[in-house]
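Everything on this sheet refers to the single structure shown next.
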Amino acid sequence: MTRRERTTLLFLWVFLGLLPLLIRPLWEPDEGRYAEIPREMLATGDWLTPRLNGVLYFEKPPLQYWLSALSMKAFGLNGAAARLPLALASGLMIWAAWRLAKRLGARNPLWAPFMAATGLLAFLVGQLLTLDALFSAFLVAGVAAFVEAVARRREGAPSRTWTLLTFLLLAGAMLTKGLAELILTGGILLFSLIFAWKDRALRGAVLRTALDPLGWLLYLLLAAPWFWAVNRANPGHAQFFFIHEHFTRFLTHEHARQGSNNWLLDKLYFVGVLALGLLPWLSASVMGLKRSWTFLKGRGPQGQDHLARWAVGITVLAFLWPLAFFSLSGSKLAPYILPVLVPLAALACTFEREGEERAALRRMGRELLVLGGIFLLAAFLFRKDLDGLGWVLALGAGVAGLGLWAQRPSGLSASRLQVALGGTLWLLVWAAQSAAGPGKSVADLVHKAPKDAQWISYGNYFQGLPFYARSRVVVVAGSGELAFGRDRLPDASRWFQEDPAALGPTADRLKAEHPGQPVLVMAKASNWRRMDAAEKAQWVELARNPAAVVAQRR
């Protein structure tokens with residue numbers, strides 16, 4: 034890596050991968066959940082068993098929880114500290130895109146990480162505290178390290194460090210989201226043999242790297258102990274985690290996360306997600322895929338060309354296999370498809386031909402015009418109910434303006450384009466917070482309440498409530514995903530009531546137990562509107578936002 038490459042990648046990471054994480058509160062529901070679990074680890078000192086609002090929470094492995102807990106221990110209990118693992122994720126994805134493009138022979142491999150970091154879906158998911166960004170980053174970085182390890186082994190160069198790095202990164206993916214790592218990397222690596230089969234030395238390099246005993250020992254030493262220890266401490270974890278959270282989720286619609294009730298639309302769900310999420314790099318990605326397929330169909334001489342063909346082939350598989358796997362799954366959310374974005378960026382960068390930069394810029398400009406038009410249309414359609422209308426209008430105008438500039442790129446150098454596009458993404462963060470933030474975060478509601486309050490979450494479990502209140506909350510009519518842990522709680526009725534009519538008696542019980550501490554409810558707005566007038570009269574409303582109401586028991 035040259036000094037220029039290091040400087041560019043560092044600037045890209047700081048400007049788009051780190052600083053935007055620091056400027057807004059946690060959003061409901063995912064960010065509140067994935068901040069509260071590590072907060073409870075710090076509060077209880079139990080780093081083995083994940084808990085959410087005091088109950089067992091076995092849906093995911095603990096690596097990101099540990100990283101967020103360490104970050105909050107160092108920088109305080111706040112949303113920015115909880116989100117810092119996303120900075121690691123963006124750094125890994127930026128590095129993986131550059132590394133893959135470099136190995137594939139791109140003329141300017143620095144464009145690959147820029148494309149990977151500035152696509153609409155990649156940037157948005159990279160700002161939200163979920164597990165998808167870190168899982169995807171470990172996965173694609175592991176594939177990039179594997180490609181480098183195989184290439185060096187085939188070339189007769191030292192490959193041990195790259196091999197161990199591969200298994201280290203894949204163990205990180207396993208400890209972030211579980212068995213999906215084995216299925217995705219297993220399929221990518223196995224099917225890549227198709228492109229290595231005619232070259233005995235290359236085939237051997239792929240197999241020896243994938244089956245490296247020291248690598249597998251490192252993987253097992255890193256990934257296996259937690260699964261063994263947590264199941265030993267909590268019998269039943271393995272059944273819930275491996276069966277319910279993996280096979281049931283993949284094979285059924287129990288989690289109600291299908292892309293559509295129509296079978297065909299459900300299977301095409303991620304095609305639609307990518308059509309929007311790849312903007313402004315959709316046409317570049319499609320062209321890269323098309324040209325890589327043409328390259329793979331060609332027949333070159335023996336030796337180094339086989340290695341190049343295999344490298345392109347495994348990169349194409351790193352797009353196709355996750356797309357096929359998640360499309361077949363019975364559970365779909367847009368962030369699941371994040372692992373395919375880095376391979377697409379690497380292929381698009383690699384197969385861009387010399388002399389077509391201006392045409393590529395115009396294609397990107399047209400996509401920016403479409404994206405800007407979407408933002409402006411949204412501002413027009415929802416202008417009466419939209420908070421932060423000015424920010425959304427500025428965003429739409431800025432994106433469309435950059436698109437027009439790209440159509441007539443007088444004075445639009447590569448560096449100016451990168452700075453301008455990065456600036457519009459910062460504008461996107463501000464616009465999103467202004468438009469959606471007031472209804473997506475409970476931070477302001479909690480901060481307006483008495484510090485020593487006893488809290489009830491009513492009609493919904495507000496994930497950020499215990500994080501900002503720094504205490505466990507009673508849940509009335511809203512257990513949801515906490516049901517597994519609730520059913521294993523000895524004093525479940527103390528903390529959970531499923532009957533909406535239990536709100537009043539629960540509040541009176543809390544008030545009697547601790548007379549000096551006010552009892553507050555955070556109620557889902559729709560539940561508050563439907564509340565019986567006699568019951569509502571027992572509460573004094575303190576604050577509200579579009580999604581929730583906070584009131585104090587008289």
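Here my numbering = 1-based position in the sequence shown + 33.
Every residue gets a Cβ at the ideal spot worked out from N, C-alpha and C, and that includes glycine.
Note that this is a predicted model, so its numbers are computed, not measured.
Point to revise | Beta-carbon gap between Ser-316 and Phe-384 smaller than 7 Å | key: no
Practice item. Measure the C-alpha to C-alpha separation of Glu-38 and Gly-65 and round it to an integer number of angstroms. Key: 36 Å
Check your understanding: Per DSSP, what kind of secondary structure is Gly-333 in: helix, strand or coil?
Key -> Confidence in Gly-333 is poor, its pLDDT being 45 and thus under 50, which makes the residue's placement too unreliable to answer from.
Practice item. Return the CA-CA distance between Ala-145 and Leu-311, expressed in angstroms with no decimal places. Key: 13 Å
Point to revise | Gly-336 versus Val-349: straight-line alpha-carbon distance, rounded | key: Residue placement at Gly-336 is flagged as unreliable, the pLDDT there being 41, under the threshold of 50; the coordinate-derived value follows with that caveat. Rounded to whole angstroms, Gly-336 to Val-349 spans 21 Å at the Cα level.
Practice item. Return the CA-CA distance between Ala-102 and Glu-387, expressed in angstroms with no decimal places. Key: 47 Å
Practice item. Classify Gln-451 as helix, strand or coil using the three-state DSSP reduction. Key: helix
Review point. If you draw a straight line from the alpha carbon of Gly-333 to that of Asp-245, how long is it in whole angstroms?
Key: Because the pLDDT at Gly-333 is just 45, under 50, the model does not fix this residue reliably, and the point stays unresolved.
Point to revise | Pair within 7 Å by beta-carbon distance, Ala-502 and Val-479 | key: yes
Exercise for review: Could you tell me how far apart the beta carbons of Leu-553 and Ala-476 are, in whole angstroms, since I believe they sit closer than 8 Å?
Suggested key: Wrong, their Cβ atoms sit about 15 Å apart, outside the cutoff.
Exercise for review: Determine which residues share a DSSP beta bridge with Ile-489 and list them.
Suggested key: Val-507, Val-554
Check your understanding: With C-beta atoms as the reference, is Leu-57 less than 7 Å away from Gln-466?
Key -> Checking the sequence, you will find Arg at residue 57 rather than Leu. Their beta carbons are under 7 Å apart, which means Arg-57 touches Gln-466 by this criterion.
Review point. When DSSP labels each residue in this structure, what does Trp-296 get in the three-state scheme?
Key: helix
**Study point:** For Phe-44, the residue or residues it bridges with in DSSP
**Key:** None, per the DSSP bridge assignment.
Exercise for review: Out of Val-583, Asp-420, Leu-575, point me to the one whose CA is closest to Ser-490's CA.
Suggested key: Val-583
Check your understanding: How would you label Phe-91, buried or exposed, when you count the other beta carbons within 10 angstroms and need 16 or more for buried?
Key -> buried
Practice item. May I ask which residues mark the beginning and end of the alpha helix (DSSP H) holding Gln-440? Key: 422-440
**Study point:** Residues of its chain near Ala-177, where Cβ-Cβ distance is below 6 Å and the 5 sequence neighbours each way are ignored
**Key:** Ala-129, Arg-132, Leu-133
Check your understanding: Is Arg-84 helix, strand or coil by DSSP?
Key -> strand
Exercise for review: Helix, strand or coil for Arg-586, going by three-state DSSP, please let me know.
Suggested key: strand
**Study point:** Beta-carbon spacing of Ala-381, Ser-318 below 7 Å
**Key:** yes
**Study point:** Whole-angstrom distance between Asp-420 and Leu-89, CA atom to CA atom
**Key:** 37 Å
Check your understanding: Looking at C-alpha atoms only, which residue of Gly-175, Val-373, Thr-35 is the closest neighbour of Ala-155?
Key -> Val-373
Check your understanding: If Thr-281 sits next to Thr-242, beta carbons under 8 Å apart, how far is it from one beta carbon to the other, in whole angstroms?
Key -> 33 Å between Cβ atoms; not a contact.
Review point. Counting Cβ pairs, one atom from each stretch, are 3 or more of them under 8 Å apart for the segment 216-223 and the segment 97-114?
Key: no
Review point. Just reading off the alpha helix (DSSP H) that Leu-154 is part of, what are its end residues?
Key: 153-160
Exercise for review: Note down the Cα distance separating Gln-585 from Pro-551, rounded to an integer number of angstroms.
Suggested key: 7 Å
Exercise for review: Sort out for me which residues DSSP pairs Gln-530 with in a bridge.
Suggested key: Val-509
Exercise for review: Locate the alpha helix (DSSP H) running through Val-373, then write down its first and last residues.
Suggested key: From DSSP, Val-373 is part of no alpha helix (DSSP H); its letter is neither H nor E.
Review point. Where Ala-468 and Ala-182 are concerned, what is the direct C-alpha to C-alpha distance, given to the nearest angstrom?
Key: 46 Å
Point to revise | Option in Thr-82, His-270, Ala-238, Ile-216 with minimal Cα separation from Ala-190 | key: Ala-238
Exercise for review: Tell me, please, whether the segment 163-171 touches the segment 139-153 by the rule of three or more beta-carbon pairs shorter than 8 Å.
Suggested key: no
Exercise for review: Enumerate in chain order the residues of its own chain whose CB-to-CB distance from Val-410 is below 6 Å, with the five nearest sequence positions on each side excluded.
Suggested key: What sits at residue 410 in the sequence shown is Leu, not Val. Excluding sequence neighbours, Leu-410 sits near nothing in its chain.
Review point. Comparing the CB of Trp-561 with every heavy atom of the ligand ATP, is any distance shorter than 6 Å?
Key: Because no ligand of any kind appears in the structure shown, any question about the ligand ATP cannot be addressed here.
Exercise for review: Write down the C-beta distance between Leu-588 and Asp-63 rounded to the nearest angstrom, noting that I regard them as a contact closer than 8 Å.
Suggested key: This structure does not reach residue 588, given that the chain is present from 34 up to 587, and the question cannot be answered.
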